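All remarks here apply to the structure that follows.
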Amino acid sequence: MYNYDQTHTTTDIHQEKVFEEHIVACLTSEQGYIERNCPSHYDIAHALDTALLFRFLRETQPVAWQALADHYSTQAEAEVLKRLEKALKDKPTHVVLREGIKLVPNIRFSLCFFKPASNLNPDLTRLYEANILSVMRQVTYSARNKNAIDLVTFVNGIPVTTLEVKNLLTQQTFKHAERQYRKDRSPAGEPLLTFKRGAIVHLAVDQDNVSMTTRLMNGKTRFLPLNRGRDGGAGNPDVPGENRTAYLYKDLSDGKAVLSREVLLDLIGRFIHLERGGGKEVLIFPRFQQLDAVRKLLADAKAQGAGQNYLIQHSAGSGKSNTIAWTAHQIVNLHDDDDKPLFDTAIIVTDRLVLDRQLQNTISGFAQTEGVVKKIDGTSRDLKKAIEDGARIIITTIQKFGTEHLAAISGQSFKNFAVIIDEAHSSQSGKAAQAMANALTREAASSDDIEDLILAHQQARGPQKNISFLAFTATPRNVTLERFGWIGSDGKPYPFHLYSMRQAIEEGFILDVLQNYTTYKAYYQLEKTIEDDPEFKGRKAQARVARYASLHPSAIDQKVQVIVEHFRRHVSKELGGKAKAMVVTQSREHALRYWKQLNTYIQSEGYDDLKALVAFSGDLEVDDQPWTEAIANGFPETELPKRFDGDEFQILVVAEKYQTGFDQPKLVAMYVDKKLAGLQAVQTLARLNRTYPGKERTFVFDFQNTMDDVKEAFSPFFEATAIEERTDLNQIYDLEQRISGSSYIVADEAERFAERFFKGELDKQDRLELEGTVRLAVSRFVLDEDEAQKEEFRQLLKSFARFYSFVAQVVKLNDPWLEKLYAYTSWLSRLLPSRDVPPDVDVTDDMLELSAFRLQKEAEGDASLVAGETATLSPISEFGANPYTEEEERSLSEIIDSFNDRHGTSFSREDFLRFERVNREILDDEMLEMMRNNPADVVYNAFSQAFFQGMVRMFQQDNEMRSVVMTDKDAREQATRHFFKRAQRHAQGG
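In our numbering, the protein residues as written are 4 to 993.
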């Protein structure tokens, strides 16, 4: 902790006023603030430092002030206050500071001057420097009481921040400051504290931490962290000779202070944003990692120019859309020292086929000028027109840059582009990404030499001087790291900027979805029901058998019962009864059958407070009935997010939809019945991590994955994602030699192909001749009887295509033969005949029967990761071509036996003894009395429901119970009636 001025006594330094004084001293001596006094300089009624306001207007706009004085005489200042009060009532403070005010007759006053894009206009620079930043201590802001706020900062007499300061030496922390804002800083009737009207942001500060809020709502006030992060987690790093929160008021080696002139005016002018939606208004003030990422990106881009790569790893749920929007709007306004824009256009690219509506709305909402943002929902021609028309910000999908659209878009090499990639993954390093780079760089051929043309084509794949890539993701893969990462001192790639999952969790900005994790194992017993024993070839039959089992009504029925009963018991009361759940299934048919069974079970149990929706794409036929999402739900699929957000529906069943990019903060539980590997696990479970008032925990019930599976999936992305070692790019030559040395390849044919392929636009005759050349290799391939060697060659071509696309983007190759081989083998790979595939297998209901099924709770508890519990990614080395081996033919009996061995056993006597335990539990005095005094047909339904609920309770609460027997409906009905008869005998004393 900072050693304060030695002039203070020992008693003094334990008072918060000393920390206040230190902040003020730094602001005045280092940040150009002037200190003002309360009450002499503070106008309580207007919540302004009116003397500074008028001083600013007179000094910076003397002509306008003279016109004001001439027209209003002695009432000039009163008229300014009247117009300013009206403006602050109608618009938020930051907008008033941006727009200024107007008075009759056509007198306009700017209330703040923002930093110009360049220094070429000295007048703009002078006006920017003429802004008056001031700070006031112990501001008595209320005319009704003597409450005082520790610090208030002003810009030209208009308040922009308030600070409640606490000193750790008095055992007071920023949490006490938050409590003070909630308890003693009511905004009612107080202009300084009123949302939008008063100060923009309110800060709770101690020597170690800072938190903020833009809206005071008494006890409902929500604070967010404004910390830098410490060692990959929450908090702030040590600052030699200073407090850890010195970044707030003091320039440090890695950046300007938050309250510095440069940053504060930048925040007001270009960051702060009023977000409207769903009848709500939220004033967005960037958190530290958002502000830091954008400013560091812009500073580096200004220093380096176009042609750079940036990887920004920011945790899911941490406000990535806002960070992208700020970056896009500000990077197009960067100018070089000659006052020329560094980038003509920012292109925001997503690999989702349908543009992310949330991202679109966020970026469009941040626009301060109409028409700056152009959304491309149409064709590649619309994209080209937007680029040619000089659109400053374009939002599009990467598919618009596909190879088939290249001719429509290309010819843009004279322009500079900032390409901002939302959720950068391997798709951004493949053919579509290459086509995008080609479209934005391709020039007309300047040589007739075919070798020169090929080299130019190859070099267009590599880093381009006119394109900077800014890749945003929470979960970078190895390809993403090596494509966009910055090389560290150890020679490995790292993110340019990091806001880790760990920090976001520790700061409470997102929830830890692994904290309350429960896994189950399903046990099956299948039997063959046909007399003959057909034989099947390959793995398809095994997959069909597994699918049959997972879709069986008994399996889905029992999982649905567990889901509904758990939701009702543990989830439904969360968030004041507004909690929601998602069921993640493995296919569209699974989703539909889950949804139907959910409705059936909910209706049968009379749960009128629970309704489910289903989400899947396209058309589906189940049980000879056509289905779409709209048919199932009864309204268009575009309405689903809004309808699910309301109070009518509580559960959403999904299949390959809403598992990424879906922001529903009321989700409290997720029920997973799908294998989730690696990145998909993180992205899917991240739907749960959004915070919401009152949301303190989440639930995951997983029927398919183990805790170890999930922890392994999360571990590479918990802190900074790293790679074991850089990929050996020389592997491209290993692949090239294996292909070139194959008996199918003749180098002269590849050369002849390339000479015609790269000559320019291809006509029909060119394509016929190219195909004829390639078919020479195809003929040799077909004549080969070695199926293993042929399959190995197929895999080799795929590996070469993938790896060459990656290598050529990472480094500028100077090897025309690799480009020739890539073009030639791309055609060859398409023309090679597919391997002999075993005939399709149809495993039907008359072949199989699920004779028994049970669920067993495997594990329950905390699967959370801790600091240092991370894994590194492996380098790219997916080039082993597995030779094809003929699978043995297997009978249906063998397949079923194998399935049963993997998935469970038949039921034992012990399973039925556990039924007896349930029976004893539910036969209380009330149940026995009911059975004694009512006919069997009257009392059976009540007994059946109690019996099932008893099983569910035992299943959920008894961790030592190895199995809970729940068969299909008929079997369960039989068992229930068996134990009902036993209960009747007991009730009658038999």
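Glycine residues also receive a C-beta, built at the ideal position from the N, C-alpha and C atoms. Keep in mind it's a predicted model, so treat the numbers as computed, not measured.
- It is roughly 50 Å from the alpha-carbon of residue 688 to the alpha-carbon of residue 47.
- Counted as a single uninterrupted DSSP element, the alpha helix (DSSP H) harbouring residue 593 occupies residues 591 to 607.
- The closest CA to that of residue 197, considering only 481, 221, 207 and 111, is found on 221.
- Contact between residue 247 and residue 211 holds, with the beta-carbon distance rounding to 5 Å and staying under 8 Å.
- For residue 511 and residue 214, the gap between their C-alpha atoms comes out near 11 Å.
- In the DSSP annotation of this structure, residue 95 is not part of any alpha helix (DSSP H), being labelled neither H nor E.
- For residue 476, the closest alpha carbon among the candidates 686, 526, 38 and 567 is that of 686.
- Residue state for residue 247 is assigned as coil, using DSSP reduced to three classes.
- Between the stretch 223 to 231 and the stretch 153 to 170, the count of C-beta pairs closer than 8 Å stays below three; the two stretches do not touch.
- In its chain, beyond the 5 residues on either side, 610 and 613 have a beta carbon closer than 8 Å to the beta carbon of residue 571.
- Following the DSSP letters along the chain, one finds residue 508 inside the alpha helix (DSSP H) bounded by residues 504 to 509.
- Residue 323 and residue 692 have their C-alpha atoms roughly 14 Å apart.
- Ranked by Cα distance from residue 868, the options 488, 985, 934 and 517 are led by 517.
- Taking all protein chains shown into account, residue 417 has fewer than 16 neighbouring C-beta atoms within 10 Å of its C-beta and is therefore exposed.
- Just so you know, the alpha carbons of residue 459 and residue 728 end up roughly 30 Å apart.
- For residue 186, the closest of 768, 150 and 169 by C-alpha to C-alpha distance is 150.
- Under DSSP, residue 423 forms a beta bridge with 351 and 473.
- Counting of Cβ neighbours within 10 angstroms places residue 498 among the buried residues, the total reaching 16 or more.
- Residue 383 counts as buried, since at least 16 other C-beta atoms from the protein chains shown sit within 10 angstroms of its C-beta.
- For residue 260, the secondary structure class from DSSP, reduced to helix, strand or coil, is coil.
- For residue 278, the enclosing beta strand (DSSP E) has its first and last residue at 276 to 280.
- Residue 87 carries a helical assignment under DSSP once its states are collapsed to helix, strand and coil.
- Going by beta carbons, residue 462 and residue 815 fall inside the 7 Å limit.
- Its chain contains 235, 236, 721, 722, 868 and 870 as the residues whose beta carbon lies nearer than 8 Å to that of residue 505, once the 5 sequence neighbours on both sides are disregarded; these appear in chain order.
- Residue 522 is bridged by DSSP to 705 and 862.
- Put simply, of 25, 567, 313 and 585 the residue whose alpha carbon is nearest the alpha carbon of residue 244 is 25.
- Per DSSP, reduced to three states, the secondary structure at residue 26 is helical.
- By the neighbour-count definition (other C-beta atoms within 10 Å, threshold 16), residue 76 is an exposed residue.
- Exclusion of the five residues before and after residue 291 leaves 229, 230 and 231 as the residues of its chain whose Cβ lies within less than 7 Å of its Cβ.
- Residue 152 has 142 as its beta-bridge partners, per DSSP.
- In the three-state DSSP reduction, residue 667 falls in the coil class, being neither helix nor strand.
- Unbroken beta strand (DSSP E) runs of no fewer than 3 residues, entirely contained in the stretch 669 to 702, are found at 670 to 676, following chain order.
- The beta-carbon distance between residue 268 and residue 487, rounded to whole angstroms, is 31 Å. This is too long to meet the 8 Å contact definition.
- Counting along the chain, residue 317 sits inside the beta strand (DSSP E) bounded by residues 312 to 317.
- For the pair residue 670 and residue 647, the CB atoms are not nearer than the 7 Å cut-off.
- In this structure the stretch 465 to 483 touches the stretch 314 to 330; the number of beta carbon pairs closer than 8 Å is three or more.
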